[in-house]
Structure formats: C-alpha cells, structure tokens
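Just remember that the working numbering sits 17 ahead of the position in the sequence shown, which is counted from 1. Quick reminder that beta carbons are idealized off the backbone N, C-alpha and C, glycines included. Predicted model only: the values in this text are computed from it and were never measured. Encoded as structure tokens, the structure appears first; notes follow it.
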Amino acid sequence: MKNFIIIILFYFISNFSNCQLITIKDKINLQPIENVYVFINESLIGHTNIKGQIKIKAELNDLIRFEHISYETVSKEYKEIVSNKNILFLIPKTNLLHEVTIASTRFESNKNNVAQTNIIIDKALINSLQAQTSADLLSNSGLAFVQKSQLGGGSPIIRGFEANKILLVVDGIRMNNAIYRGGHLQNIITVDAWSLNKAEILEGSSSVMYGSDALGGTIYLETIKPLLNDTNVFTSKGNVMLKTSTANKEKMGHVDINIANHRIASLTSISYAFFDDLRQGNNRNPFYGDWGKRWFYVKRINNKDSVFINNDPNLQIGAGYSQYDLLQKVLFKVNNNLQLLGNVQFSNSSNISRYDRLTQMSGTLPKYAEWYYGPQRRLLAYLKIEYHKKNMLFDDLRLVPAYQNIEESRHDRKFNKNNLNHRIENVDIFSLNIDFRKNFNEQLWIYGLEFSNEKIRSNAFTENILDHTTSNLDTRYPDGGSIMNRNSVFINHQWNLFDKVFFSEGLRYNFSLLESKFIDTTFYHFPFNEISQQNQAITGSIGVVFKTSDFLKFHLNYASGYRTPNVDDLSKIFESVPGNVIMPNENLKPEKTHTFDIGYQLLFNSHFSWYNNAFYTIYKDAITTEPGKFNGLDSILYNGQMSQVILNVNKTKAYLYGISSNLLIQLNTSLNFIGNVCYTYGRIKTDSTDYPLDHIPPVFGKIGFQYKKQRLSTEINMLFNGWKFIKDYNMYGEDNFVYATSYGMPAWITFNVYGLYQIHTNLQVNAAIENILDQNYRVFASNISAPGRNFKIGLKFIW
C-alpha cells in the first residue's frame with residue numbers, strides 16, 4: 018500500500034512538472050515580458066507570449082535559462098520556479114549593449130554593428146520623463162537640443178542643423194514636406210509622446226537611407242505596435258494615464274488598448290492635453306535684472322485693444338494651448354510569411370500663440386494685438402505589407418503606400434487695427450516606399466525605391482473683425498498651387514568581413530521636380546505666372562566598425578548628404594522687411610554636406626560603457642539670401658512700393674565640427690551613474706575672418722544617477738547648457754539675439770527628480786520635480802522662458 022501511494026504521488030509530480038504554465042514579469046513594473054527565450058538544459062523550447070507566459074515540460078532538477086535582449090539573463094532549476102508559484106521576475110539591463118535599431122538601416126539590426134552615431138530613447142525613459150510633447154521628450158532627455166518660439170512648439174537641432182535641414186520620420190514615413198522652412202519648426206509636437214514606443218536620433222547625414230533633408234541627422238519616431246497573442250480567443254490589455262503638472266497647469270489624459278487573437282490585433286491610442294500659460298522661474302541672476310518678465314498683455318474690450326498690466330510678471334500670458342492625438346493600428350497576420358498593418362494617425366491643436374510676437378513693441382505700444390498659428394493638423398494613413406520568404410531577390414519585402422494631409426496657418430493683427438490677416442497652407446502627400454532585405458553569404462543587402470507626390474495649396478485673405486468683410490491678401494506660397502515630386506533608388510551593403518570587422522557602404526540617386534503657378538498677380542505685377550525646376554542628387558556613405566577586443570570598439574564613418582530646394586526656398590514671395598522683397602530663383606541647387614566621424618566605445622562586463630565620437634562636416638551650397646536681380650532689375654514695384662530684389666542663392670560655404678561623449682557606469686545591481694555632453698562649433702567661410710554659422714547650440718548635456726529596485730525606478734539628474742556669447746551669434750540668421758541678454762544667452766543648470774512606483778500590478782504612480790531650484794533661464798535661440806519649478810504627478814492604470 019505504501020509503495021502504491023508513492024507511485025501515485027510520483028505520477029502527479031511528474032505530470033505537474035512535465036506540463037506547466039510559467040509567467041515571466043519585469044521586477045520593476047511587475048508587467049509581463051513578451052519574447053523571453055527559454056532554454057531547458059541548453060535546448061531552446063520557445064519564447065513567452067504577450068502575457069509573458071510559456072508552457073514547458075521539465076523535470077524538477079532541470080536547469081532553465083531565460084534570455085531577453087533588454088533583461089539580465091537568469092538560470093534556475095525548475096524546482097525554484099515551482100516554489101515561487103511558477104512566476105519569475107527579470108531585472109532590466111542598465112547597459113543595453115545589444116540594442117536594436119530600426120532607423121539606421123530601415124530594418125531591425127544590431128546597433129553595435131552600425132558605424133553611424135545612433136542615440137536611442139527607449140520606452141522606459143519615455144515613461145520616466147513624463148514629457149508633455151515629443152519635443153519636450155528630446156529636450157528633457159538631455160540627448161538633444163530643442164529651441165522654442167512658443168509653448169506649443171519645439172525645434173530640434175542636431176549637430177548645428179535645424180528645421181528643414183534635419184529629417185523627421187514617423188514609423189518609416191518622412192514627415193518633412195515641401196513647405197518646411199529653414200527657421201524654426203514645431204511639427205514634431207504633432208507626434209504624441211505617449212504613443213511612442215521609442216525615439217532614435219541618427220547623428221550625421223542619413224541621406225542614403227532617407228533621402229533629402231537629412232543633412233544634420235534624422236529623428237526616427239516609432240509608435241507603439243499592436244501585439245498578437247497565441248490563442249484564437251480575443252483578449253485585451255491596455256493603459257489609462259492621468260497626469261497634471263504645476264508650471265502650466267497641465268491636464269493630460271491618455272488611453273491605449275490592444276485587442277487581439279493569434280491572427281488579428283487592434284491598437285487604439287487617444288491622448289488629450291490642456292496647457293495653461295507657462296510660469297517661468299523666479300530665481301534670477303540679479304546681473305540681468307528683469308530679463309524675461311512679462312509686464313503687459315493685450316485684451317480687446319468693447320471693440321478696442323487695451324494694454325493691461327500683468328500683476329504676475331513670471332506668468333507668460335498667451336502661451337497656453339490644447340491638443341489631442343489619435344492613433345489606430347490594425348494588424349492582420351495572413352500566414353507565417355505575410356502580414357498587413359494599417360495605421361491612421363491624427364493630431365490637432367487649438368490656436369497656438371506665437372508668444373515672442375506678443376511681446377514685441379512698436380514705440381511705447383505693443384506691435385501686435387494678435388499673432389497665432391491656427392490649429393496644426395496632421396493626418397497620416399498607410400498600409401504596411403510585409404512578406405518574408407527567401408528567394409533570389411529578397412528574404413524580406415516591405416511595401417508601404419501612404420497618404421498625409423497637413424494644414425497650418427498664420428494669423429496676425431496689429432495693435433489698434435481692425436484687419437486680421439489669415440494665411441492658410443494645405444499639403445497633400447502621396448508616397449510609396451518599397452524596401453527589400455537580402456542575406457547572402459554573410460552579407461546583408463538592403464535596397465529599395467521611394468516615390469512621393471506633394472500638392473501645396475495656399476490662400477490668404479484679410480478680415481475686418483468689426484463687420485467681418487474680407488479682402489484679398491498676398492499668399493505665402495503661389496496661389497495657383499505647387500507640385501513637388503521626389504523619386505529615388507537606394508542600396509546599402511553590410512558585410513561582416515571578419516569576426517571583429519563590420520563593413521558597410523551605401524548609395525542613393527534622387528530626382529525631383531517642382532512646379533508652382535501664380536494666378537492673382539495683383540500684389541506682384543511680375544512678368545511670369547509659373548516657376549519650375551528639376552534637380553538630381555547622388556549621395557553615398559561608407560563605414561567600418563572594428564572590435565579590437567571584447568571591451569574596445571572603434572568606428573569610422575563618411576556620409577554625404579543633400580537637401581533639394583523645396584517650395585519654401587524656391588517659390589515663396591514675401592516682403593522680408595519694408596523695401597525688400599524675396600523673389601524666386603530657378604537656379605537654386607541642392608545643399609550638400611560631407612561628414613566624417615571617428616569614435617570608440619569602451620565596454621567592461623556590461624557594467625561600464627563609455628562612448629566618444631568626433632565629427633567634421635563640410636557644408637556646401639548652403640541656401641542664403643542676398644541682394645540680386647530679377648529680369649535684369651535690382652528693384653521692382655511691389656505692393657505699390659519700389660523694393661530691392663532679394664534672392665535665395667547657393668553661396669555659403671561653411672564647416673562644423675564637434676564632439677560628444679556618453680558614459681554609463683553600473684555601480685551595483687540597483688544604481689547607475691549616467692552622463693553625456695555634446696559640443697558643436699560652426700563657421701561660415703569668408704574672405705577674411707570666418708563668421709558664426711546660425712543654429713549652433715552651446716555645449717549641453719546631462720549628469721545623473723538612476724536607481725532601480727523592485728517596484729521602484731528613479732532618476733536624479735542635472736541638465737546643463739553653457740554660455741552662448743554674443744560674439745558667437747549669427748546676426749543675420751535664426752539665432753534670435755534680440756531675445757537674449759546684451760552678452761548673449763547665459764549658461765544654466767537645473768536639478769530634476771523623476772520617480773515611478775508600481776503600487777500594484779494594475780496601478781502605477783509617477784511623480785517628478787523639475788527645476789527644483791526654480792531657476793530663471795532661457796534655452797539658446799528660444800523666444801520664451803523655460804518652466805520654473807514644476808511638480809508632476811500621474812497615475813497609470815494597467816490591465
């Protein structure tokens with residue numbers, strides 16, 4: 018009888034251990050981890066599903082290993098897992114030596130084998146920083162420099178290039194369009210920070226992979242993905258986020274929900290945010306007095322503009338705005354070789370005041386009563402078709418037809434005037450991307466085709482705000498519309514030449530066509546009604562990664578870049594200042610860069626990483642303005658006044674160089690030291706002394722500590738900017754020296770604390786204090802002061 022009972026018990030224990038469901042979770046946020054690879058006695062048996070679960074058959078003494086690219090590898094005997102109720106917690110890696118990049122090659126690849134400098138802001142950092150916009154995410158990370166002309170904006174700068182000289186990409190689709198200008202752009206805020214899975218910053222030209230505009234670099238924004246599960250039953254998971262902050266009385270709500278079975282997944286993301294007027298820091302350097310204070314504001318009462326005293330000069334009245342963002346993705350897995358992904362993104366804002374214009378004076382009175390951007394709308398819809406099957410031409414094929422519609426507008430009214438000027442632009446973009454990837458004899462070939470067609474419509478009118486009558490107004494761009502076509506072919510080759518040498522090179526050919534038509538010449542009286550131009554460009558890159566040992570890696574990289582003149586460069590006609598009118602110049606050529614990088618990375622047992630890079634860029638045929646002639650005349654009649662002709666020309670030759678350094682030290686399993694710094698220098702070549710190039714930021718960076726323990730994740734950091742002295746300003750460009758002190762833009766430091774605590778599997782609390790010392794400061798080239806002391810608190814509900 019006794020032996021029979023032992024046999025029965027052994028049978029049940031064997032069954033128990035031979036077919037069990039185990040769950041893998043993140044030790045910090047308690048959330049399940051997908052795609053953890055599981056090995057039993059060194060044999061791979063599979064990976065976890067969307068719920069972090071996997072069924073295994075094992076004996077109690079079997080050794081099981083769990084591997085994930087973002088987590089520390091763990092090996093345990095199966096009986097240890099059983100004793101913990103079949104739940105295993107993994108610790109996130111603090112030094113991701115094998116991060117996966119998409120931006121560098123358009124397909125997933127190991128960042129460690131890429132010669133181009135690539136900075137990744139992952140989902141964990143996005144959640145930690147709780148940024149209000151995507152522009153603030155880049156700025157608060159300390160990894161990028163961002164200029165602001167108003168609260169509802171943010172213009173990233175990469176290696177001294179800004180606006181239409183860097184490329185914005187969302188989910189593989191280029192955002193830059195034919196009316197991106199060379200000043201400061203706020204379009205990045207139309208991508209919801211809370212819908213991001215990660216952001217990648219490619220430093221240096223990316224023209225081989227992405228074409229025109231990527232002179233200084235590319236910012237690749239990847240939104241969250243729909244996830245399938247491993248059953249035929251639909252299940253759901255999602256998040257609800259509520260957040261507020263004090264500096265601008267932010268009220269934010271976000272929800273995303275994933276509904277899926279093993280074939281179909283639907284992801285819905287909705288965000289809404291309201292921001293009131295922004296309060297700047299109160300602790301000023303007495304040497305600069307009341308610099309930055311908002312002393313007055315304009316309010317219209319009884320059909321009359323009146324100036325009111327601002328009783329709280331630290332409150333930047335007129336800065337507030339609101340915005341909502343929608344995202345819908347549907348994934349359909351047809352079979353193991355073919356899947357379809359449909360994606361619709363929509364972003365819309367309220368009116369956004371151009372804050373700096375509201376502070377301008379004309380004599381003793383404000384210059385403007387109103388100056389605002391109308392609702393900034395961005396619609397993106399695309400279908401991504403992915404086919405994976407090895408053949409002679411490719412292993413992987415990606416086909417992406419896409420449509421975008423962008424609307425933006427400018428509205429202004431002078432003080433004590435009744436005429437409100439409206440200028441509205443609308444852009445339709447149809448594009449097709451075809452990408453191929455082929456592995457052949459340990460060599461990787463990535464090649465493809467790109468086609469795009471852009472249609473620009475521009476209209477304008479003046480409205481009398483008393484009787485609402487309207488009259489014609491000169492349009493910002495040709496009123497007959499403009500068309501810009503871009504067509505290109507590219508190829509990139511990667512070769513693991515030896516065990517420790519990774520070699521890559523690439524080439525792209527681009528052809529573009531631009532046509533603009535004028536209908537109403539009332540304001541111009543020019544002897545033409547059409548402008549057209551064709552351009553060709555060839556760009557290339559070559560790079561090598563050399564791993565001298567397990568702890569030392571060198572990289573060398575060369576990349577050429579180009580930017581094709583767009584409608585804003587070629588067809589915009591406007592009075593820059595009274596008596597000067599900018600005229601079209603059909604002879605504009607593409608701007609070009611040649612960038613050389615050299616750097617190294619020291620690695621010690623995943624506990625120490627120190628990355629250093631130096632670059633030098635030759636900038637040729639830069640587009641700038643100078644007096645010129647139109648039809649042989651140096652002056653023309655414009656709006657009833659003889660005005661000097663100003664032309665956009667390819668004239669400037671410039672150079673830029675700089676260094677960047679990133680350090681991460683894992684002091685123990687819970688505590689890390691982080692630090693990064695970036696310095697850029699740029700000058701325009703002249704016949705005498707070289708002149709400062711505009712858009713060059715001062716030295717900037719971040720130093721801090723990260724602490725992660727079960728349920729808790731915190732970061733304490735110091736963000737800093739160096740001086741930008743007035744001698745280093747470009748007085749004719751976009752450096753906005755009028756918004757700095759008489760000495761330039763002062764250096765500044767802020768101290769910040771971020772924290773996340775997982776109260777329960779389903780409840781997370783986020784908190785932060787930014788600018789703890791309430792310092793008053795302004796970012797270089799910005800026309801609005803930065804937030805003062807800012808308390809943030811948020812709750813996240815997870816199911």
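Taking the alpha helix (DSSP H) that residue i belongs to, which residues open and close that run?
| i | result |
| --- | --- |
| Lys140 | Lys140 to Leu146 |
| Ala152 | Ser151 to Ser158 |
| Ser224 | Ser224 to Tyr227 |
| Val584 | Val584 to Leu587 |
Measuring straight from C-alpha to C-alpha, what distance separates residue i and residue j?
| i | j | result |
| --- | --- | --- |
| Asn246 | Lys68 | 8 Å |
| Tyr372 | Trp388 | 8 Å |
| Ile23 | Phe56 | In this prediction, Ile23 scores a pLDDT of 48, lower than 50, which makes its location untrustworthy; no coordinate-derived value is stated. |
| Phe313 | Gly772 | 37 Å |
| Lys472 | Thr492 | 16 Å |
| Ser100 | Lys93 | 11 Å |
| Gln421 | Arg806 | 38 Å |
| Ser759 | Ile743 | 7 Å |
| Thr90 | Phe106 | 11 Å |
| Asn32 | Leu357 | Its pLDDT being 47, under 50, Asn32 is placed unreliably in this model, and the coordinates cannot settle the point. |
| Leu47 | His777 | 8 Å |
| Phe304 | Ala798 | 20 Å |
| Ile682 | Ser626 | 6 Å |
| Gln203 | Leu213 | 17 Å |
| Pro804 | Asn793 | 8 Å |
| Ser34 | Asn58 | For Ser34, the predicted structure reports a pLDDT of 47, less than 50, and the residue's modelled location is therefore unreliable. A value from the coordinates is still provided. C-alpha separation (whole angstroms): 15 Å. |
| His405 | Arg454 | 10 Å |
Hey, residue i and residue j: beta-carbon distance below 9 Å or not?
| i | j | result |
| --- | --- | --- |
| Leu469 | Ser499 | The amino acid occupying residue 469 in the given sequence is Ser; Leu does not appear at that position. No, they are not a contact pair. |
| Glu267 | Ile236 | no |
| Asn489 | Ile441 | no |
| His611 | Ser577 | yes |
| Ser588 | Pro607 | no |
| Arg728 | Gln775 | yes |
| Gln393 | Gly169 | yes |
| Leu344 | Gln362 | yes |
| Glu732 | Gly721 | yes |
| Phe613 | Tyr633 | yes |
| Asn622 | Glu220 | no |
| Ile334 | Asp273 | no |
| Asn800 | Thr134 | no |
| Ala785 | Val770 | yes |
I need the boundaries of the beta strand (DSSP E) containing residue i, first residue and last residue.
| i | result |
| --- | --- |
| Arg493 | Looking at the DSSP string, Arg493 is not in any beta strand (DSSP E), and its letter there is neither H nor E. |
| Ala785 | Leu780 to Glu787 |
| Asp470 | First, the amino acid is wrong: residue 470 is Asn here, not Asp. Note, Asn470: beta strand (DSSP E), Gln460 to Asn481. |
| Tyr696 | Leu688 to Ile701 |
| Leu245 | Run containing Leu245: none; DSSP gives neither H nor E here. |
| Arg440 | Asn436 to Phe457 |
| Ser172 | Ser172 to Ile175 |
| Val361 | Leu355 to Ser366 |
With residue i and residue j assumed to form a contact (beta carbons below 8 Å), what rounded beta-carbon distance in angstroms separates them?
| i | j | result |
| --- | --- | --- |
| Ala120 | Leu154 | Actually they do not touch by this definition, with Cβ atoms about 16 Å apart. |
| Thr240 | Val187 | 7 Å |
| Gly359 | Lys346 | 7 Å |
| Ser521 | Gly560 | 5 Å |
| Lys182 | Gly233 | 6 Å |
| Phe808 | Thr118 | Not really, about 35 Å apart at Cβ, beyond 8 Å. |
| Ile174 | Pro714 | 5 Å |
| Tyr88 | Lys110 | 6 Å |
| Asp429 | Tyr385 | 6 Å |
| Lys609 | Tyr579 | 5 Å |
Mind checking residue i: buried by the 16 CB within 10 Å criterion, or exposed?
| i | result |
| --- | --- |
| Asp651 | exposed |
| Phe83 | buried |
| Asp822 | With the chain covering only 18 through 816, there is no way to say anything about residue 822. |
| Leu146 | buried |
| Leu2 | It is not possible to answer for residue 2, since the shown part of the chain is limited to 18 through 816. |
| Tyr643 | Here the sequence assigns Glu to residue 643, which means Tyr is not the residue at that position. With fewer than 16 Cβ atoms within 10 Å of its Cβ, Glu643 is classed as exposed. |
| Phe507 | buried |
| Phe29 | Low confidence applies to Phe29: its pLDDT is 46, below 50, so where it sits in the model is not reliable enough to give any reading. |
| Phe27 | Low local confidence applies: a pLDDT of 46 at Phe27 is under 50, so the model's placement there is unreliable, with the coordinate-based value given in what follows. Flag for Phe27 reads exposed. |
| Tyr379 | Residue identity check: residue 379 is Ser in the sequence provided, not Tyr. Classification of Ser379: exposed, given that the 10 Å Cβ count is below 16. |
| Gln658 | exposed |
| Gln328 | Residue identity check: residue 328 is Asn in the sequence provided, not Gln. That one is exposed. |
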